[in-house]
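Mapping to this note's numbering: the sequence shown position 248 is 259, numbers consecutive.
What follows is one structure encoded as structure tokens, with my remarks underneath.
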Amino acid sequence: MHLRLAAVLSLALQAGNTLFAAASKCSPTEPAPFSTFPRRVIYDPPAGARASYPRHAELRDGTLLVTSTVMGGDWPRNGAAFPVFESKDGGVTWKWISNITDQVNGWGMSAQPAIMELREPLGGFRPGTILASGNSWSNNGTRIDLYASTDKARTWKFVSHVAEGGRPNTTNGATPIWEPFLLTYNHELIVYYSDQRDPLHGQKLAHQRSKDLVNWGPVVNDVRYDEYLARPGMTVVAEIPTIKKWILVHELPVGNSSSHGVNYPVYYRLADKPTEFDSAPGIPIVIGGKVAPNASPYVVWSPSGGPNGTIVVSDADRDELYTNRFGGDPDKWEMHPCSQPSAYSRALHIFEHHPEHLMVLSGAIFDAGGPYDDLSLSVLNLTEVVSKHSDLDKFTGGVN
Ligand SMILES: *[C@@H]1O[C@H](CO)[C@@H](O)[C@H](O)[C@H]1NC(C)=O
Ligand SMILES: *[C@@H]1O[C@H](CO)[C@@H](O)[C@H](O)[C@H]1NC(C)=O
Ligand SMILES: *[C@@H]1O[C@H](CO)[C@@H](O)[C@H](O)[C@H]1NC(C)=O
Ligand SMILES: *[C@@H]1O[C@H](CO)[C@@H](O)[C@H](O)[C@H]1NC(C)=O
Ligand SMILES: *[C@@H]1O[C@H](CO)[C@@H](O)[C@H](O)[C@H]1NC(C)=O
Ligand SMILES: *[C@@H]1O[C@H](CO)[C@@H](O)[C@H](O)[C@H]1NC(C)=O
12 MHLRLAAVLS
22 LALQAGNTLF
32 AAASKCSPTE
42 PAPFSTFPRR
52 VIYDPPAGAR
62 ASYPRHAELR
72 DGTLLVTSTV
82 MGGDWPRNGA
92 AFPVFESKDG
102 GVTWKWISNI
112 TDQVNGWGMS
122 AQPAIMELRE
132 PLGGFRPGTI
142 LASGNSWSNN
152 GTRIDLYAST
162 DKARTWKFVS
172 HVAEGGRPNT
182 TNGATPIWEP
192 FLLTYNHELI
202 VYYSDQRDPL
212 HGQKLAHQRS
222 KDLVNWGPVV
232 NDVRYDEYLA
242 RPGMTVVAEI
252 PTIKKWILVH
262 ELPVGNSSSH
272 GVNYPVYYRL
282 ADKPTEFDSA
292 PGIPIVIGGK
302 VAPNASPYVV
312 WSPSGGPNGT
322 IVVSDADRDE
332 LYTNRFGGDP
342 DKWEMHPCSQ
352 PSAYSRALHI
362 FEHHPEHLMV
372 LSGAIFDAGG
382 PYDDLSLSVL
392 NLTEVVSKHS
402 DLDKFTGGVN
């Protein structure tokens with residue numbers, strides 16, 4: 012959760028993409044189901060509203076679900092619900108199937124959704140249940156709540172409050188919580204989130220776990236720094252089975268300091284278990300010793316791309332993608348052009364039965380006035396993405 016300092020430069024960078032999108036709209040043929048294709052619109056919100064922070068789930072039968080925050084305009088009460096869209100053809104066509112609304116606080120589902128499919132029975136819910144979370148907030152507080160759907164995301168039912176913090180306020184010293192990320196591991200649901208409640212840290216990353224989805228265990232630290240001003244934020248976790256590790260990516264603003272020209276450098280940690288990131292060292296992503304991604308990262312892993320597969324990372328500032336085919340070796344990050352436009356908290360997905368197919372999901376950029384306010388996706392061929400390399404000289408001192 013942050014205030015963007017580089018909005019103007021982002022806009023300049025994105026001007027080029029507008030041309031690209033306009034050209035792709037003229038394409039006369041629809042892509043084949045489950046194929047690769049350039050930017051397609053999932054949902055274009057009414058004038059004045061902006062879709063942002065998309066999240067997704069691929070169900071066991073190949074159905075895709077996408078949800079997002081919708082901010083501004085009168086949708087429906089200033090961003091108070093997460094719309095849910097479904098695709099049965101690998102993202103080519105989409106249907107709006109439900110809204111996840113706040114059923115208990117009277118505050119709305121304000122921002123930062125998370126969604127997944129249960130693949131094993133948990134808390135009395137059968138495999139195939141869809142779980143969703145998000146941040147419900149008002150001037151009285153922030154609540155990370157859990158909802159479940161037993162009818163494939165048509166209807167939703169409140170399950171439990173996971174955690175609660177103070178009113179939304181990104182100033183150090185305030186006590187809100189933000190940005191849930193859901194993962195099942197070892198027959199428990201893990202809810203990761205950003206946490207400003209610990210007086211020792213401006214913000215830290217932590218998680219809580221539950222076996223029954225109702226009773227939540229203690230707050231377990233994932234990322235914290237002795238430097239109070241450090242605000243690690245926006246956890247995303249992925250498994251890297253080839254090296255039996257888990258990767259957590261996050262942004263790391265520290266006061267107003269900058270690193271390789273960016274204020275929200277992207278860091279990662281590798282741990283044997285997704286519950287043990289606290290003791291793992293934090294590593295910054297730096298490409299070619301000089302270019303660093305900035306803010307709201309996402310990470311996925313694909314078995315495609317060699318013996319260690321491919322770790323793929325995105326950030327908020329650039330269209331480009333960052334990859335690592337060497338099990339997260341800090342010196343082996345690469346940077347590649349990507350046709351899907353940059354956005355605040357863009358999301359990535361590798362299709363379960365098409366490990367070469369990379370979905371990149373975008374909404375709006377953080378600040379109003381960006382080139383896109385809609386929710387869109389591209390499905391790219393990862394092998395082709397990785398085969399093209401960005402000219403790093405073009406980015407030196409470029410973005411921030
Ligand atoms: C979701 O909510 C919006 C705004 O209230 C409404 O227009 C739309 O019909 C709803 N969609 C579904 C599928 O419930
Ligand atoms: C906030 O809390 C106060 C005091 O309990 C209550 O009167 C008010 O209705 C609450 N507002 C919201 C939006 O929950
Ligand atoms: C935000 O938090 C800071 C630090 O606690 C506090 O000084 C400020 O009054 C808060 N702002 C709002 C609007 O609550
Ligand atoms: C960052 O810079 C702004 C503007 O100069 C200043 O108001 C703010 O206090 C600084 N924040 C930190 C954490 O140093
Ligand atoms: C795979 O990753 C591990 C861990 O970084 C590394 O030791 C090994 O050399 C890598 N193998 C290949 C072929 O990249
Ligand atoms: C991806 O691109 C590579 C290189 O052009 C090609 O060999 C491969 O068949 C493509 N894969 C898919 C799934 O389209």
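Even glycine gets a Cβ: it sits at the ideal position worked out from N, Cα and C.
A contact is defined here as three or more CB-CB pairs under 8 Å, and the stretch 304-313 meets this definition with respect to the stretch 357-367. Assignment of beta-bridge partners to Met346 by DSSP yields Tyr333. At least one heavy atom of ligand 2 lies less than 6 Å from the C-beta of Asn151. One alpha carbon belongs to Ile201, the other to Gly145, and they sit about 14 Å apart. A distance criterion of 6 Å places the beta-carbon of Phe48 beyond contact range of ligand 5, judged by its closest non-hydrogen atom. According to the DSSP assignment, Leu70 belongs to no alpha helix (DSSP H), since it is labelled neither H nor E. Put simply, the stretch 41-58 touches the stretch 102-117. At least three CB pairs are less than 8 Å apart.
For Leu359, the uninterrupted beta strand (DSSP E) run begins and ends at 358-362, by DSSP.
Ranked by how close their Cα comes to the Cα of Phe377, the residues Pro285, Lys215, Met82 have Met82 in first place. The DSSP-derived three-state label of Val396 is helix. Using a C-beta cut-off of 8 Å, the stretch 223-237 makes contact with the stretch 285-293, since at least three inter-stretch Cβ pairs fall below that distance. The C-beta distance from Thr140 to Ser160 rounds to 7 Å, short enough to meet the 8 Å contact threshold. Residue list for ligand 6: Glu367, Asn392, Thr394, Glu395 (CB closer than 5 Å to any heavy atom, chain order).
As for any beta strand (DSSP E) of minimum length 3 sitting wholly inside the stretch 263-289, the runs are 277-282, ordered along the chain.
Within a 10 Å sphere around the beta-carbon of Thr78 sit 16 or more other beta-carbons, which makes this residue buried.
Distance between Asn335 and Glu345, taken at the CA atoms: about 6 Å. Of Ile251, Asp223, Lys215, Lys405, the smallest CA-CA separation from Val265 is found for Lys215. Distance between Pro304 and Pro276, taken at the CA atoms: about 6 Å.
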